[in-house]
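Visitor:
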Amino acid sequence: MSEIIPFPKLKQKLCSDIKNAIHQQQYEVAYDRFMDYEQHFEMSEELALMKCHVLWELKSYLELREEAHILLEQGYEPQDELMIFYVRSLYALGQYQSVVTVIEEILDNVNAHQTRMVLLPIKDQAQKMLDDRREEMHIQLQQFTELSAGQQTELMLNMMDDSAYYFVDTIVYLLTDKQLKTSVQTLMLEYLRFARYNQNVQLELYGQKVDVVPEQLTGFESSHFAEVIMPEVIAKLEETYPSLVQEAHHHLNAHNIAVYPIDITQLADDQTWMDSYFAYFEEMMGLASTTSKQDSIIEFIKLLNT
Numbered sequence: 333m334s335e336i337i338p339f340p341k342l343k344q345k346l347c348s349d350i351k352n353a354i355h356q357q358q359y360e361v362a363y364d365r366f367m368d369y370e371q372h373f374e375m376s377e378e379l380a381l382m383k384c385h386v387l388w389e390l391k392s393y394l395e396l397r398e399e400a401h402i403l404l405e406q407g408y409e410p411q412d413e414l415m416i417f418y419v420r421s422l423y424a425l426g427q428y429q430s431v432v433t434v435i436e437e438i439l440d441n442v443n444a445h446q447t448r449m450v451l452l453p454i455k456d457q458a459q460k461m462l463d464d465r466r467e468e469m470h471i472q473l474q475q476f477t478e479l480s481a482g483q484q485t486e487l488m489l490n491m492m493d494d495s496a497y498y499f500v501d502t503i504v505y506l507l508t509d510k511q512l513k514t515s516v517q518t519l520m521l522e523y524l525r526f527a528r529y530n531q532n533v534q535l536e537l538y539g540q541k542v543d544v545v546p547e548q549l550t551g552f553e554s555s556h557f558a559e560v561i562m563p564e565v566i567a568k569l570e571e572t573y574p575s576l577v578q579e580a581h582h583h584l585n586a587h588n589i590a591v592y593p594i595d596i597t598q599l600a601d602d603q604t605w606m607d608s609y610f611a612y613f614e615e616m617m618g619l620a621s622t623t624s625k626q627d628s629i630i631e632f633i634k635l636l637n638t
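450 is the number that this note's numbering gives to position 118 of the sequence shown; each next residue is one higher, with no gaps.
Shown next, in the form of structure tokens:
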């Protein structure tokens with residue numbers, strides 16, 4: 333038989349090893365034993381809770397968040413304790429808005445006094461962190477044009493993470509600043525899209541005048557560039573220049589953000605974009621172009637690197 337049958341006493345031994353490692357606070361050892369256990373057996377509710385404890389002690393907050401969420405979705409018990417691990421992992425990851433939102437959503441269904449007394453202080457702490465961060469956001473927005481592009485990017489991402497959608501008028505005003513990097517403008521448009529801003533916004537990108545209503549945008553992750561052009565270019569590169577694919581992914585992802593929300597179909601048809609990108613990557617490698625290209629599109633592509 334090709335199927336591997338675990339040694340009959342393996343389950344018992346692994347359970348014993350896990351418990352001993354936890355008792356001795358050897359959490360990395362316990363984690364490794366959990367990995368061995370899950371290769372062969374389904375997790376019991378007791379072990380699932382113990383694994384969450386180990387992940388917490390290892391400060392593996394991202395994995396703990398995913399693990400606790402999956403266990404909750406699958407109906408593992410005790411739900412209250414798993415929810416506490418989930419909320420604590422969110423807090424440890426700095427996802428304070430999610431902490432507040434989750435606790436507010438579940439609190440009416442939590443009957444245990446002890447659980448409520450764990451969750452409520454975490455919610456209060458998260459709200460305090462949000463209030464402090466929002467005050468810092470207010471200060472940074474006042475100094476926005478003096479911030480580096482990296483700081484501007486971080487601020488926009490934090491504002492979206494915290495659902496801080498009460499700075500809409502400020503962002504609309506700042507969006508037209510010609511000194512901003514296009515990647516920052518893209519994040520601003522995403523912010524306005526999430527904020528459901530339904531007024532027309534005018535800006536200029538790479539010499540192209542753009543009029544958009546942010547609420548009506550699809551988001552750069554679902555753009556025509558991302559869903560049509562990128563896959564075809566990557567597929568062709570995989571066939572001809574596979575060693576370039578990773579670098580091409582990096583370039584194309586950056587360009588997808590940079591060109592958003594320009595309607596690229598107004599500049600050229602899809603095939604012209606694909607051929608021109610292929611020629612662009614060949615030029616990067618110092619090779620002669622093996623496909624047709626449009627010089628104006630090649631120049632536009634190069635502009636996206638600035």
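All C-beta atoms in this analysis are idealised placements derived from N, C-alpha and C, irrespective of residue type, glycine included.
(1) Do you know offhand how far L619's Cα is from Y592's?
(2) Evaluate T550 with the Cβ neighbour count: other Cβ atoms within 10 Å of its Cβ, from every protein chain shown; 16 or more gives buried, anything less gives exposed.
(3) Buried or exposed: which applies to V386, given that a residue is buried once 16 or more other Cβ atoms fall within 10 Å of its Cβ?
(4) Express the C-alpha separation of Q483 and K343 in angstroms, rounding to a whole number.
(5) Out of curiosity, what's the CA-to-CA distance linking P546 and Q474?
(6) What would DSSP say about V577, mapped onto helix, strand or coil?
(7) Starting from Q534, trace the beta strand (DSSP E) in both directions and tell me its first and last residue.
(8) Taking L507 as the reference, give the member of A496, N490, V542, D494 with the closest Cα.
(9) As an exercise, report each continuous alpha helix (DSSP H) stretch of at least 4 residues that is fully enclosed by the stretch 540–573, in chain order.
(10) Assign D364 to one of three DSSP states: helix, strand, or coil.
(11) Within the chosen definition, does the stretch 374–386 reach the stretch 396–403 through at least 3 CB pairs nearer than 8 Å?
(12) Can you tell me whether G482 is helix, strand or coil according to DSSP?
(13) For the stretch 399–451, which segments carrying the alpha helix (DSSP H) assignment without a break, of at least 4 residues, lie completely within its bounds, in sequence order?
(14) Please confirm if the stretch 587–607 is in contact with the stretch 622–638, defined as three or more CB-CB distances below 8 Å between the two stretches.
Guide: So, from the data block:
(1) 29 Å
(2) exposed
(3) buried
(4) 51 Å
(5) 23 Å
(6) helix
(7) 533–537
(8) V542
(9) 562–572
(10) helix
(11) yes
(12) helix
(13) 411–424, 428–438
(14) yes
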